[in-house]
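Numbering of the sequence shown is given in the working numbering, commencing with residue 4 and proceeding in unit increments. Scroll down for the structure; my scribbles are underneath it.
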Amino acid sequence: MAGTPFEVASESMVGPLIYGFSEDAVAAAKVIADFAKGNDKLIVKAGAYAGKALDANGVKALAAIPTKEVLLAQLLGLMQSPVSRMVRVLAALAEKRGGGAAAPEAAAEPAAEAAPAA
Numbered sequence: 004m005a006g007t008p009f010e011v012a013s014e015s016m017v018g019p020l021i022y023g024f025s026e027d028a029v030a031a032a033k034v035i036a037d038f039a040k041g042n043d044k045l046i047v048k049a050g051a052y053a054g055k056a057l058d059a060n061g062v063k064a065l066a067a068i069p070t071k072e073v074l075l076a077q078l079l080g081l082m083q084s085p086v087s088r089m090v091r092v093l094a095a096l097a098e099k100r101g102g103g104a105a106a107p108e109a110a111a112e113p114a115a116e117a118a119p120a121a
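Rendered as structure tokens:
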């Protein structure tokens, strides 16, 4: 353990152990925490993340973080929200003033009907 990022948790690493490694630290914590919920023999004692030691509550907190995909979807929703609200307000104003987009279509139809008759 000496010289690795897991050295900070070496004091907690005694007895039978399960290690979880992943490119995504949240994924490893989720798998272990979910398995621990269904198996009373597995007890989460500690963990290590970014060179820092985590206690059992720290591992549970890390497991509670949404996945990268969920966080990106939430960010996109936040970024779209002001734009979509503005579009809805402008559409409501156009509708209130008399038709908005429907008015140009109605004006174009009589002109198209008049042309063949001439």
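Backbone N, C-alpha and C define an ideal beta-carbon position, used for all residues, glycine too.
Compare the beta carbon distance of V47 and V29 with 7 Å and say whether it is the shorter of the two.
For the pair V47 and V29, the CB atoms are not nearer than the 7 Å cut-off.
Looking only at its own chain, which residues have a Cβ that is under 6 Å from the Cβ of A12, when we skip the five neighbours before and after it?
Spatial neighbours of A12 in its own chain (CB-CB distance under 6 Å, excluding positions within 5 residues in sequence) are listed in chain order as A49, A51 and A56.
Just to confirm the assignment, what range does the beta strand (DSSP E) spanning L57 have?
From DSSP, the beta strand (DSSP E) with L57 extends over K55 to D58.
DSSP three-state label for G50, please.
In the three-state DSSP reduction, G50 falls in the strand class (E or B).
Which parts of the region 18 to 103 are runs of the alpha helix (DSSP H), unbroken and 4 residues or longer, counting only runs that do not cross its ends?
Runs found: 28 to 41, 59 to 66 and 71 to 101.
DSSP on A5, reduced to helix/strand/coil?
If DSSP states are grouped into helix, strand and coil, A5 belongs with coil.
So, A32 versus L65, is the Cβ gap smaller than 7 Å?
Result yes, Cβ atoms of A32 and L65 sit closer than 7 Å.
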